[in-house]
Every structure is written in structure tokens, then in C-alpha cells.
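Residue numbers (this note's numbering), protein chains in the order written: chain A, 1 to 479; chain B, 1001 to 1602.
Note that the Cβ used here is the ideal one computed from N, Cα and C, for glycine as well.
In this text, all values refer to a predicted model and were calculated from it rather than measured experimentally.
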């Protein structure tokens, strides 16, 4: 810790009573000690890819029952058919998109849907359905933010702690990304994993790479994330090799002045240091990433020209150059928006899910092309599931929802966890407002991914402190 | 009373600042300029103080603006600004639409045309739609921009992307209400069709149990969470009230359902619709009538109620708080859509959270990311009562924010913490204003580059990716800021990507778009904004140190450190030759705009 930082701490404490400061830095020391030991054998590479669907995907219209009993329940809730201006699919449409789930085997979790029903996918999810039926994708049912297993009776009586601000976008997407509904200021679980494993990588670029915006999922105590534009690396014009660099000749005096102003640990103001750090790291990382990407053979897999398609394409390219980047473990973040379907859901979901499906298929194909598919797992996350009740041509904020896991290591073609009832009335899974109480916690979903990623059981318990409240720390969807 | 306690605070703060300065070589200017006894709202007593105030209250200081503020003082300047009528965007769109169609596209109105209008009003450049009169209502436009980042409506909505008049009208509504009362702003925002489309409460209908249709909770939830009171009960100083160590929620799901039920029955305004066409809404085709045509009156008029679709039969749980007018916050059944809306907005308006919640957000937009609780409390107190018994007076609130001792002297009180990361858009407007940028024709295309400006900056006027704005009030940048528990909203759009792309845009503006020479591109035309580099070229050629003093004043409120001054001077002195004046100006601008010291408004 530098002198100026120490002095700042004193001022900060005086000015704002910065609570928990000592705790934060004490934690850092523990983390630094733990991270120093992380290493994996040569060639042992793994990547996790978080696909965040902003707004809250209506997964109850993404995975839909067509067997008689379950479909009837679905219709009581979703009610008016698409053909009549509503959002309910007709039975035949879903049956034509059926999922051929494998039965449970070997005493392991996962199999046909727990309610015994038959399910199909939204017609826009054609490619994802093919991945599922080919064994490369699994469905994890009714996942959501939880602190404890929560029954309807306990929820309605208020006798059990639940995540604060249920049904709120900001809060619930925060808790999905941190898996810490008990701590509003927690870092992301991707960042917490990276905090513990980062010494397994040898290069300068952070383990966490975002192909989208700054995000909470990748925020760690000691590991920062790095953002790359899906279109590729853009360099700073003033330093040469950027757009319009030709306007002025590259000039050592200019570069020296620019760098002098940004030099590390010379700024007095906390925010100035943060701005300088970001500006410097952006340049240092892009030089390294650009050099690595330039040395790679172009991928032959075609990606869709959508935002999500291009984000996943860049993720695949960065996986391809993992050796040049010195990466043994990588955590990627990509995102898509416009999932908050209060209205116009039929059209919006057709477009959104189609883009998701096509991008996921291309990404999986690229990992096969790179012969790395066994080491790359992509998974979806979203603010929340949506309500069973309808807003004329859309749905409202919900709680639990189904999610997808894709990759060569996935024990695919199976459903994991309990399928909720979709009944409008007398529904044992309903909060009472049409929102479905999750039966699998985000902690369990995340811990299963972390375990596969190489995080030790001790560290998993540390990263996910509420995990002990649930009956299983490993849902079994990764071998 | 107020000024005495402020003086005590200042003396303490000055002591701390001096101490800090003595410990290490500092990259900040000498703190010993102020006695702290000048009084809070008198002044400014230096050009630097004037420039610093204008950085908070406008889209950037100018040399003339600094001189004027010094001559009239803060109070008179504020009164001048409060008295100016609002500059609006709609007339500009109408003017463009009526231009001759040649050259091709000359008269086409798109969302980029709305950005042109925004830029003219933000910069105060001559407006061709008003006979080249220059808008002067800087404070109102600056507050409207702040409000647009709290009450968010965006062109990223698939419908609004193609309705520039709707978004211009929305922005004009914010500007019109910027110095009015918050209660009127809340109602105008709620009933504006752009908001009705954006947060989907237009054509929201009462429950229909046969079809399992329930009122849409979207606007109900966000008006509470984002536009008025937030999620947890606050003390007047903005800190959360606690019960057993835990924050206390301001409302639950029952409350959201209550407001959603109140907000049923609102539809397009029928004024000016084509009779007997699908455009005119009646009670039988509530959800089918549509206004997707171009520049229809109904995009600019408040929504109107259609009672058949309003829920007048259920009692509605609204907000319950100490002193609430409705018994236990419950609205009895039976009111019509307008009556119930007014009752519900009154119920929100009188919640004790509104002052600290809105106050803190406006402070963050104008002054500093981490106001002290005492600063928030002083502003909230003014919001709660403007001194004449009026609640929600935004004019008084803005005055309280800008003339607070912490706003005026916070840089000495908390020298390592005070201030905010400048938004890229505001860096951009400051550059153009400081350098007297103009176009030949008055039209301005320079904030509409390819790709769109939000791809360079992470933000563009009314172009947020979601209702949660480009950045959130409590965002904590990773690392030291997060570990210290500080809010740093604007850092949310400073990614490794925008750190480069914003820098490169500012490079382009500095090196390609200037008055006294050939620019980088041959296809420039009359709508390009050029910096008046000629103004400063002579000074730069003869006395680069004086040039840096001028830019320290214009861009950094005189806060450029001796270290930075020396680094820049060395750089400028190395530039020689016949064009050295202009080139020194350009390099100075680029290096300042992308420096850490400038990037934090302090």
C-alpha cells in the first residue's frame, strides 16, 4: 500500500466513515495468499462464458409443455393464443419443437422433466434445440435468487429470508451476478472465482474479459476485467496505429507527455487514479491482445452478424489464442438486451431467442473447430423469470426461470432440477402474484460451474456462503 | 446560523487540505487561495471560482461567460438564468422538415436531427430555426440533461427510435419543468406518450380474470424505484433508515400492484387525430388504435383517460409512511383515472424520501458523486420547503445545490474525494464552448458521427440502453473506489473500450475540426463544428505558458497542477515551425481532455 493511499484511507474514514474498510483489505490479503497457489497442469484449459439476457427472459415461453396435463396448466396462465393476439403457443407448435430428453442414468442427477411432462422449445430456438437433442446442451429448471430453500407457505407467511427487492431489475440482476443477496456491495461471482485462480494464468491480460459493458459479474477484489470490442481492438490515435493517426506524425514528445500525466500512483485524487489506471491498462492490454489475435488463423465457423453473434465470435477468437495470452482459465461476459417483454412479447422474443440460438450454435461449432469444446461451457443468466400472468401481449417481472448450459462437457439432453407448475390458480410454486418461487438457487447453478472450472470445495464454500443452506452443491450437469 | 457552521467547516477543511499538501509532492494547485470567510453565495471572487461554478451549472465555461458571472455574481446569474424562457427542440425539427429537399436528405428529420437540436441548445450556438438567435438558457438545459439521466426515455426503444418528435417533445417537457415544481414534472412525465410507450403503461388495462390479464407493473415499479423515492426509507440526509440493522423497504409487491391498478386506462390523446380512422382511440378499440405515423400531434400531447379500461373497483395499496394523507396509504375504490392518478402522484410526492432521493441524484449529476450527508440534508430540506412553505420547488433546489458550501468549496474540504468523472458528452460540449466552435450554416452534424456517438462515448442524449441510464447512481468502480465504498456513477461507462474510443473522438475533434487550416477530410461542409483555434494560436506561438493558464481556467477551473503545467509546457515548447501556434493549441487540448486531472471535475 502506498503512502498516499494510506493517507487517503484516513481522510476517507474521517469524511465518510467508510464502514468495512478494514474488512475489505483484510480480505484482500487472504485472497492474495490463496491465489498465489492456483495452478493447473499444462494443457489444462477451461473457459466459462456468461450470457446475460438483460430484462428478464420469459423462460416459461421458451420451454413449454405439450403433454396434455402440463399444457392445460400452461394455457390457464398464458391463456390467449398468439393467433388471437395473446402470447400462448398452441400445443401443436410446441410439439413440433419437441425435446427428446434422456432418462436419468448411473444414479446421477438430470433426466426427463421432473413433472413427467413432455416439453418443446420456442420455435425460434431451433439451433439450441438441435444442440440439446444432440447432447451438447442441458436445461436447468427454475433457477433464481434465493437465500434458503423457500416454500410457498414460508414465503407467504414471511417466515423465511428472501433476497431483497424481488422483481426489481437492478437488484435481481445484481444478485444473479454476485450470488450474494445478503450483501448489496458484493463483487461478482465470476470476479470472486478469478480472484482465487488468477495466478494460474501467466499473461498480463485479466482472466475476466467482457465483450460487452463493464459488469458486476466480473468485478473482483484483486482481479479487474478487460473489455474488448467485438469488432476488434481499436488503438489510440495519439499513440500511433489508431484511426486518424495519420493526421499527425507519431511523436515521442507527445507520447511521453501523455504517459507522464497517466503514470501510476502519481495522482492525489482517488478518481484520478482510477481514470489513469483504466486508461493505462486499456493500452497495455490492447497491445497484447492485438498481437495475439494477429497471429491467429481466421476461424472458418461463420457467426451471425448480430451483436450477440459478434460478441461470441470474439470470445471464440480469444479462446483460440489462449496460449499466446498465457491463459489457463478464462471467464467471459457477453450480453443481449431487450428481454423485458411487458408488451409485444411475441415479436420481441422471436427475434431475441433466434439471435441467442444462432449465436450459441455458432459459438459451439467454433469450439468444435478449435477442438476445445470439452473445455468451454456457456451458460445463460437473466434478471429473473417472468410472471405467469399476462399484460395483454406481454408478461411482468417474475422470479425463477429456466436456463441453458451449452458445451462439450455438459451432460446434455437432460433437464436438471424441478419443473414448476404453470397453473394459474392453486399453484404450489406461485408466490401468490404469478411469480414462480425458484427451486434451484443461483448459488447451486454457479457452484456447479465453479466446481467444473477447477475451484476447490473449500473455495466454493467461501465464494458462495449461502450454498450450505441447500441440499446439493453440485447439480451434476457438468461431468 | 447556516453560514456560521459553514465557516467552521471550511476552516477545518482548509487545515486538512494544507496538511495533506505538506506531506507529499502534490499534483494539485496550491490550496492557500481562500480564506473561507467570503461568504457562501457571494462571489465569485476569482475567474477560477467562476469557471468552476460554470463547469457545474452549464455545458462548459467560456471566457465571456466567466467575465459575465464575475461582473454580476452567483445570485444575479442564477436569477438571469431562471428568468430565461426554455429553448426547445420541436421548432428545430419542424424547421428542418420544411427545408427544401435538396441537397438530398436536407429536409429529412431523424433521431440525428433531434441530436442537432440538443447540440445547439447545449452549446448555445446560433439556431437557424430561430433566425440565428443563440440560446442562452445554459442552466435550464444543463438541468434538463441531468433530469434526462434520472427520468430516462430512450431511442433504443424500437418504436421511439423512429419518432424524433416524440423524444424532442419529451426533452422539451423536461426543460419546461426544470425550474418548476417536481409534482408537475412527475405528472407531465407520467402522462407523456414517449414515457407511456417506453415503460409500457400506455394502454395498460384493468385486470381481466377471464383471460388472466393483469395490469402492467412496469411504470408503477420504476416511477417508485427510479424517479421518486427509491427502494428503502431514507433519512433527510439520504442515509438509509435501519430497523434491526437492516434497511426498510419503501414498498412491497402489494404497493406495485396498487400503482399498476391506478395507472390503468391511459391512451393516446385524440386531439388532432383523423376522425373515423384507426388513429382515433375509443373505448371499443382501446388496445388497437395506433399512432405510429410520422409527427402526429398525439406524440406531443399528454395521454388521455378511457374510463372503461380504468380499474375503478379495487382499493389500491399505495405508499404508507409517517404522515401519509391516505389512511394507511390505501386509496379507496371509485375514482376515475385522472382522480386516482392525482391521488397516487400526491401520495408519492409527499413521501419523505423524495427530497433526499432526487436531491442526491441532482447533486451527483451537477457537482459530486459522493456528497456528504449534511449536503444532501441541506438540499433535501430546501426541496421539502423552499422557505415559503412550498414543497418540490426545483428552482430553489437547484439554487441550493449550486450555492451549497460543499459545492463551492468541496475541493478544499475533501481534496482526494470531491467531484465526479466528467461525462464524455460534457467533455465534448465543454471543448466546443471553450473554443467558440461554430458551423457555417448553424446546422450541426458533428455529434452525429459514424458509428453513433453513444458507441464512442457510452452515452448520447436520450440514448440509454435501458431505463437505468448509462450509469447508475451507486455504481462502484472496481478496485480502490469499490474497496472504499464510494459511488462513481460515470465510471460505469469508462470501459477499456470507451477509454480508447472516447479518447479517439476527442483526438479527432482536436486535430481534424479546426478553423484556421485544412482539416483531415475533404468532404467537410457547412454543418461541421470547427474549433476557433485561430483565437489562441498567436498566444500559443508566443507564450505557451500563458496558453496553458488560459486552458487551466477554461477547462480545469484553474486547478491544473504545477506538475501538469510543466509536462504540457515541455511538450508545447518542442513544437516549432510556422504552424506551431495552431499545433500547440491542438496538442494542449488533446492532452488536457484526456488527462486524469481534467477528467475529474473537482
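is_contact[residue i, chain A] using C-beta, thresh 8 Å
{"i": "residue 1514 of chain B", "result": "no"}
{"i": "residue 1360 of chain B", "result": "no"}
{"i": "residue 1150 of chain B", "result": "no"}
{"i": "residue 1317 of chain B", "result": "no"}
{"i": "residue 1484 of chain B", "result": "yes"}
{"i": "residue 1320 of chain B", "result": "no"}
{"i": "residue 1371 of chain B", "result": "no"}
{"i": "residue 1593 of chain B", "result": "no"}
Element boundaries [beta strand (DSSP E), containing residue i]
{"i": "residue 52 of chain A", "result": "46-53"}
{"i": "residue 222 of chain A", "result": "Per DSSP, residue 222 of chain A belongs to no beta strand (DSSP E) and is neither H nor E."}
{"i": "residue 65 of chain A", "result": "63-65"}
Residue-chain proximity (residue i, chain B), Cβ-Cβ < 8 Å
{"i": "residue 381 of chain A", "result": "no"}
{"i": "residue 391 of chain A", "result": "yes"}
{"i": "residue 168 of chain A", "result": "yes"}
{"i": "residue 278 of chain A", "result": "yes"}
{"i": "residue 270 of chain A", "result": "yes"}
{"i": "residue 157 of chain A", "result": "no"}
{"i": "residue 475 of chain A", "result": "no"}
{"i": "residue 478 of chain A", "result": "no"}
{"i": "residue 198 of chain A", "result": "no"}
Partners in chain A for residue i, counting only beta-carbon separations shorter than 7 Å
{"i": "residue 1564 of chain B", "result": "261"}
{"i": "residue 941 of chain B", "result": "Only positions 1001 to 1602 of chain B appear in the structure, and residue 941 of chain B is not among them; the question remains open."}
{"i": "residue 1571 of chain B", "result": "253, 254, 257"}
{"i": "residue 1253 of chain B", "result": "167, 433"}
{"i": "residue 1574 of chain B", "result": "253"}
beta-carbon residue i near the ligand FAD non-hydrogen atom, thresh 7 Å
{"i": "residue 1506 of chain B", "result": "The ligand FAD is not part of the structure shown, which contains no ligands of any sort."}
7 Å Cβ cut-off: residues of chain B touching residue i
{"i": "residue 343 of chain A", "result": "1200"}
{"i": "residue 238 of chain A", "result": "1507, 1590"}
Start and end residues, alpha helix (DSSP H) containing residue i
{"i": "residue 390 of chain A", "result": "Not the alpha helix (DSSP H): residue 390 of chain A falls in the beta strand (DSSP E), residues 386-390."}
{"i": "residue 1053 of chain B", "result": "1047-1057"}
{"i": "residue 1150 of chain B", "result": "It is not in any alpha helix (DSSP H) - residue 1150 of chain B carries neither H nor E in the DSSP assignment."}
{"i": "residue 1109 of chain B", "result": "Taken as a continuous stretch (DSSP letters only), residue 1109 of chain B belongs to no alpha helix (DSSP H), as it is neither H nor E."}
{"i": "residue 956 of chain B", "result": "What the structure shows of chain B is the stretch from 1001 to 1602, and residue 956 of chain B is not part of that stretch, so it cannot be assessed."}
{"i": "residue 155 of chain A", "result": "152-157"}
Residues that residue i contacts on chain A, provided the C-beta gap is smaller than 9 Å
{"i": "residue 1497 of chain B", "result": "210, 213, 227, 228, 229, 234, 282"}
{"i": "residue 1520 of chain B", "result": "244, 246, 247"}
{"i": "residue 1082 of chain B", "result": "What residue 1082 of chain B touches in chain A: nothing, since even the nearest Cβ is about 31 Å away."}
{"i": "residue 1468 of chain B", "result": "169, 170"}
Proximal chain B residues relative to residue i, where beta-carbon distance stays under 9 Å
{"i": "residue 79 of chain A", "result": "1210, 1211, 1212, 1213"}
{"i": "residue 190 of chain A", "result": "Neighbours of residue 190 of chain A on chain B: none; closest Cβ ~12 Å, over 9 Å."}
Interface partners of residue i on chain B, CB under 8 Å
{"i": "residue 401 of chain A", "result": "Those within 8 Å of residue 401 of chain A in chain B number zero; the least Cβ separation is about 17 Å."}
Neighbour list for residue i in chain A, Cβ cutoff strictly below 8 Å
{"i": "residue 1544 of chain B", "result": "Under the 8 Å cutoff, chain A gives no residues; its nearest Cβ is about 13 Å from residue 1544 of chain B."}
{"i": "residue 1481 of chain B", "result": "270, 271, 274"}
{"i": "residue 1602 of chain B", "result": "269"}
{"i": "residue 1567 of chain B", "result": "257, 260, 261"}
Hey, is the segment 468-478 of chain A in contact with the segment 101-111 of chain A, meaning 3+ C-beta pairs nearer than 8 Å?
The segment 468-478 of chain A, when compared against the segment 101-111 of chain A, does touch it at the 8 Å Cβ threshold.
Quick check: the segment 132-140 of chain A against the segment 415-422 of chain A, are at least 3 beta-carbon pairs closer than 8 Å?
For the pair of segments examined, the segment 415-422 of chain A was found to touch the segment 132-140 of chain A: the number of CB pairs separated by less than 8 Å reaches three.
Between the segment 216-231 of chain A and chain B, which residues of the former have CB atoms less than 8 Å from a CB of the latter, in chain order?
When CB distances to chain B are screened at a threshold of 8 Å, the residues of the segment 216-231 of chain A falling below it are 219, 220, 221, 224, 225, 226, 227, 228, 229, in chain order.
Any contact between the segment 346-357 of chain A and the segment 125-133 of chain A? By contact I mean 3 or more CB pairs, one from each, below 8 Å.
Yes, since at least three Cβ pairs between the segment 346-357 of chain A and the segment 125-133 of chain A fall closer than 8 Å, the two stretches touch.
Can you pull out the residues from the segment 434-452 of chain A whose beta carbon lies closer than 9 Å to at least one beta carbon of chain B?
Cβ contacts with chain B come from 434, 435.
Using Cβ-Cβ distances below 7 Å, what residues of the segment 336-366 of chain A are close to chain B?
If the cut-off is 7 Å between Cβ atoms, the segment 336-366 of chain A has 337, 342, 343 near chain B.
Specify whether the segment 1402-1416 of chain B and the segment 1048-1063 of chain B touch according to this definition: at least 3 beta carbon pairs, one from each stretch, less than 8 Å apart.
Of all C-beta pairs linking the segment 1402-1416 of chain B to the segment 1048-1063 of chain B, three or more are shorter than 8 Å, placing the two stretches in contact.
Stretch-stretch touch, CB-based, cutoff 8 Å, three pairs: the segment 1086-1094 of chain B with the segment 1124-1134 of chain B:
Contact holds: three or more Cβ-Cβ distances are below 8 Å.
Per the contact definition of three or more C-beta pairs closer than 8 Å, is the segment 207-219 of chain A in contact with the segment 175-188 of chain A?
In this structure the segment 175-188 of chain A lies against the segment 207-219 of chain A, because at least three pairs of beta carbons, one per stretch, are closer than 8 Å.
Do three or more CB pairs link the segment 1472-1485 of chain B to the segment 1548-1559 of chain B at distances below 8 Å?
Judged by Cβ distances under 8 Å, the segment 1472-1485 of chain B makes no contact with the segment 1548-1559 of chain B, as fewer than three pairs qualify.
May I ask you to list, following chain order, the residues of the segment 171-185 of chain A that have a beta carbon less than 8 Å from some beta carbon of chain B?
Result list: 171, 185.
Under 9 Å (Cβ pairs) to chain B, residues found in the segment 282-302 of chain A:
So the close ones are 282, 283, 285, 286.
Hey, is the segment 390-405 of chain A in contact with the segment 143-154 of chain A, meaning 3+ C-beta pairs nearer than 8 Å?
Verdict: yes, contact present.
Three or more C-beta pairs below 8 Å linking the segment 1357-1364 of chain B and the segment 1224-1232 of chain B:
Taking a contact to require three or more Cβ pairs closer than 8 Å, the segment 1357-1364 of chain B and the segment 1224-1232 of chain B qualify as touching.
Near-chain B residues of the segment 415-430 of chain A - C-beta to any C-beta below 9 Å:
Taking 9 Å as the Cβ-Cβ cut-off against chain B, the residues of the segment 415-430 of chain A that qualify are 424.
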